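Residue 1466 in the numbering used here sits at position 74 of the sequence shown, with consecutive numbering throughout.
C-beta: ideal position from N, C-alpha, C; glycine also.
Given the structure is predicted, the values throughout are model-derived calculations rather than measurements.
Below is one structure, written out as structure tokens; comments come after it.
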Amino acid sequence: MNIEDIRAYCLSKPQATEDLPFDETTLVFRVKNKIFACVSLDNPDYFCMKCDPDYAIELRDRYDGITGAWHWNKKYWNQVTPGDEISDALVRRLIDHAYDEVVKKLPRKVRDELQAL
């Protein structure tokens, strides 16, 4: 899965937006102003996603292409390098999970609005 596919899938999530809050090369994807994924335009070979802490450890143990995210809280963020071991289907599931991790911590009213979309 390349950067354009990842971008398109992230933006297909309800109310997802993108911006460059840190510099001109760090593209982040948000829902209701909360970041759920990030990719460096300088190095699109990997990207970072929010993750449940227990699931993050499980993924890191299972896949060599998934590690703690550099420059992010490694307890909650994974760095994913798509490739032979990391299928496109798995990448989509991880993006779904990252999005859901952020949504579940939003106020109930906001969650209900998102579910209605």
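For residue 1426, the uninterrupted beta strand (DSSP E) run begins and ends at 1426-1432, by DSSP.
In terms of Cα proximity to residue 1497, the closest of 1455, 1425, 1472, 1400 is 1425. Every alpha helix (DSSP H) stretch that sits fully inside the segment 1426-1500 and reaches 4 residues is listed by chain position as 1445-1454, 1480-1495. Counting only the Cα atoms, residue 1439 lies some 7 Å from residue 1473.
Secondary structure note for residue 1419: its beta strand (DSSP E) is the uninterrupted segment 1418-1423. Residue pairing by DSSP places residue 1400 opposite no residue, since no beta bridge is assigned to it.
The C-alpha of residue 1463 is placed about 26 Å away from the C-alpha of residue 1407. Scanning its chain for C-beta atoms nearer than 6 Å, with the 5 sequence neighbours on each side dropped, one finds around residue 1483 the residues 1393, 1474, in chain order. DSSP places residue 1411 in the uninterrupted beta strand (DSSP E) bounded by 1408-1411.
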